[in-house]
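Enquirer:
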Ligand code: PEP
Ligand code: MG
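Numbering (my numbering), first residue to last: -13 to 558.
Okay, here's the thing in structure tokens:
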């Protein structure tokens, strides 16, 4: 048995069989080629196998995620059906007497050269990405390496990978995956957030996992503790029995909490706290409602944009309207597109940046690409007639940005006025407080916003200057640093002074240790991963707001995160 430590990105305790996700090594010896007829024959076979694989993935993704995802793979199949494309490879084989693999590579490089001359054009960039995927697929088939994708997994899989990205998880076989463990990645990386919204136990930053685990090994993820993840490979004997018992107890406790999910969320001294859900899709919302969600504090819309095509106004309108209807009048805070950072949108073909988290991200990107922003705003205003939709802007670092975003919301309303469609011109507009500047300007921002919600994932990253995705520096990523607590306190006080509410929608909102402090610092709304709703409600019902104020005051006055943690553990 081997035991590894990592970080709990999404809690739970689960056993399964390892499915090791490695990117294949496509290198081969170019000198070992056969006569051209044979190489062409090999190429034909690899094309057929690649097409069959794509057909299968297309059908699975269309059925489980919707037609729009199916289209991505349809586009790739078209490339394989293009006779001229294959003829170019035949020519290379004939001219150079080379391996089919070399010919595929050479043809891809020609297109890469052509397309890179015309960069900035998102359509061509997308085609190049498709071409690259297709060529790698053909090369893998030429080498006889089996496909290892997350779209089709054996039952009870625990996926082990160096790193996973949000776009990997779009296609993940959600039926068969039980959890995942990655070597890299931080607690608030977007893939970790996605795992939480899927209620999928996940450990990130688990150094050494790829060397210690083999395909089909028994793996147990013990992620009951928010502070530490334990990953067991091939547990045996007493340990195995102990883990099985713990899993059983955990499940029973979750069921018990689940039964409490609809109780009123109010402290023992009568302060009502709103507990909402963080979602990224309609599927998440359905899940959240099952866990008792009556409102959504953060709908991350960027996940609609990760599939390869940019959704148009109609498509977005349908999703937002459906979400509003599913909430039956409950508050639905929809955040405008927050891409950049670790969320790459292939269809936009943005330039690579040296410091993406400090680059063209969130509101900055939307203010640059006004059409993209206006399309989303129009869709939101139209959907707002179906429920209590509120719009929230991410990454605000100045009042000027917020004012410009509001102007564009008004412009979107004016554009709709000329069309025969119902819309709500003036839904509440809120600001995410996730930059240090926004904390220091919380008073001014609260004076002009309908609400503020703290994005503590980014706020931690920007206040403590520590990359939220980088496992190497995860010990510096201190969400319970007194610096953070003081920032939360300043924001809570500014909101209260201006007569609006302040919420928290970063992962800190779901951390049981932090709850009393947040309530004590004036936070009135907590938006958490769906699966955490029942335990958050249960915990708030056991707290007194007056006592929370004392706890918060003391915690924020301490000097280090260790002191805060020790103090909070002592008053739990
Ligand atoms: C945050 O930064 O805390 C947040 C909620 O937004 P995201 O995690 O999507 O950046
Ligand atoms: Mg953020």
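No residue lacks a Cβ here, since even glycine has one placed at the ideal position from N, Cα and C.
Where does residue 567 sit, in a helix, a strand or coil, going by DSSP?
Expert: Examination of residue 567 is not possible in this model, given that the chain is present from -13 through 558 alone.
Enquirer: On the three-state DSSP scale, how would you describe residue 64?
Expert: In this structure, residue 64 counts as helix in the three-state DSSP scheme.
Enquirer: Please classify residue 131 as buried or exposed, where buried requires at least 16 neighbouring CB atoms within 10 angstroms.
Expert: With fewer than 16 Cβ atoms within 10 Å of its Cβ, residue 131 is classed as exposed.
Enquirer: Suppose only complete runs of 4+ residues qualify. What are the alpha helix (DSSP H) ranges in the segment 388 to 444, listed by chain order?
Expert: Whole alpha helix (DSSP H) segments, 4+ residues: 422 to 426 and 428 to 434.
Enquirer: Where DSSP assigns a beta bridge to residue 511, which residues make up the other side?
Expert: DSSP lists 260 and 489 as partners of residue 511.
Enquirer: Report yes if the CB atom of residue 394 is closer than 8 Å to the CB atom of residue 346, and no otherwise.
Expert: Against a cut-off of 8 Å, the Cβ pair of residue 346 and residue 394 comes out as no contact.
Enquirer: Run the Cβ filter for me: residues under 5 Å from any heavy atom of the ligand MG, listed in the order they occur in the chain.
Expert: This selection yields 420, 441 and 444.
Enquirer: Check the DSSP bridge columns for residue 379 and list the partner residues they point to.
Expert: DSSP lists 417 as partners of residue 379.
Enquirer: Going by C-alpha to C-alpha distance, which of 19, 518, 445 and 378 sits closest to residue 413?
Expert: Measuring from the Cα of residue 413, the nearest candidate turns out to be 378.
Enquirer: Quick check on residue 318: does DSSP put it in helix, strand or coil?
Expert: Looking at residue 318 - three-state DSSP - the assignment turns out to be strand.
Enquirer: Out of 138, 307 and 202, state which residue places its alpha-carbon closest to the alpha-carbon of residue 40.
Expert: Here the closest residue by C-alpha is 138.
Enquirer: Looking at C-alpha atoms only, which residue of 500, 440, 519 and 471 is the closest neighbour of residue 481?
Expert: Here the closest residue by C-alpha is 440.
Enquirer: With a floor of 4 residues, list each alpha helix (DSSP H) that falls wholly inside the segment 498 to 557, ordered by position along the chain.
Expert: Entirely contained in the segment 498 to 557, the alpha helix (DSSP H) runs reaching 4 residues are, in chain order, 501 to 506, 519 to 527, 531 to 543 and 547 to 556.
Enquirer: Taking 7 Å as the limit between beta carbons, can you name the residues of its chain near residue 164, skipping five residues before and five after?
Expert: Correct list, in chain order: 0, 2, 142, 143 and 144.
Enquirer: Would you give the residue range spanned by the beta strand (DSSP E) that residue 283 belongs to?
Expert: That run of the beta strand (DSSP E) goes 282 to 286.
Enquirer: To the nearest angstrom, report how far apart residue 108 and residue 224 are at their CA atoms.
Expert: For residue 108, the pLDDT reaches just 48, beneath the cut-off of 50, and the residue's location in the model is therefore unreliable, although a value from the coordinates is still provided. If I take the Cα positions, the gap works out to 56 Å.
Enquirer: Would you report the Cα separation of residue 106 and residue 113, rounded to the nearest angstrom?
Expert: Because residue 106 carries a pLDDT of 41, less than 50, the predicted location of this residue cannot be relied on, and the following value inherits that uncertainty. Distance between the alpha carbons of residue 106 and residue 113: 13 Å.
Enquirer: Using beta-carbon positions only, say whether residue 534 and residue 514 come within less than 8 Å of one another.
Expert: No, Cβ-Cβ distance for residue 534 and residue 514 is not below 8 Å.
Enquirer: Let me know if residue 554 comes out buried or exposed under the rule of 16 or more other beta-carbons within 10 Å of its beta-carbon.
Expert: Looking at its Cβ environment, which holds 16 or more other Cβ atoms inside 10 Å, residue 554 is buried.
Enquirer: Indicate the three-state DSSP secondary structure (helix, strand or coil) for residue 183 in the structure shown.
Expert: The answer is helix: DSSP assigns residue 183 an H, G or I state.
Enquirer: Out of 96, 87, 296 and 121, which has the shortest C-alpha to C-alpha gap to residue 67?
Expert: When each option's Cα is compared against that of residue 67, the closest is 121.
Enquirer: Quick one, are the C-beta atoms of residue -9 and residue 215 less than 8 Å apart?
Expert: Closer than 8 Å, so yes.
Enquirer: Which class does residue 80 belong to by DSSP, given the choice of helix, strand or coil?
Expert: Residue 80 falls in the helix class under three-state DSSP.
Enquirer: Is residue 243 a contact residue of the ligand PEP, with contact defined as CB to any heavy atom under 7 Å?
Expert: No, the ligand PEP has no heavy atom inside 7 Å of this Cβ.
Enquirer: Going by beta carbon distance, what residues of the same chain come within less than 6 Å of residue 312, once the five residues before and after it are set aside?
Expert: Excluding positions up to five away in sequence, the list reads 271.
Enquirer: In the DSSP assignment, what residue or residues form a beta bridge with residue 4?
Expert: DSSP lists 144 as partners of residue 4.
Enquirer: Can you have a look at residue 28 and say buried or exposed, based on whether 16 or more other CB atoms are within 10 angstroms of its CB?
Expert: It is buried - the Cβ of residue 28 has at least 16 other Cβ atoms within 10 Å.
Enquirer: Ignore the nearest five residues each way along the sequence and tell me which others in residue 199's own chain have a CB closer than 7 Å to its CB.
Expert: Same-chain partners within the cutoff: 4, 6, 146, 205 and 219.
Enquirer: What's the gap between the Cα of residue 544 and the Cα of residue 161?
Expert: So the two alpha carbons sit approximately 46 Å from each other.
Enquirer: Going by the CB atoms, is the gap between residue 281 and residue 327 shorter than 8 Å?
Expert: Taking 8 Å as the Cβ cut-off, residue 327 and residue 281 do not qualify as a contacting pair.
Enquirer: Using a Cβ distance threshold of 8 Å, determine whether the segment 243 to 261 contacts the segment 514 to 533, with at least three qualifying pairs required.
Expert: Counting Cβ pairs under 8 Å, three or more are found: they touch.
Enquirer: Exposed or buried, which one is residue 449 when buried takes at least 16 other CB atoms within 10 Å?
Expert: Buried.
Enquirer: Roughly how many whole angstroms lie between the Cα atoms of residue 148 and residue 404?
Expert: Cα to Cα, the separation comes out at about 51 Å.
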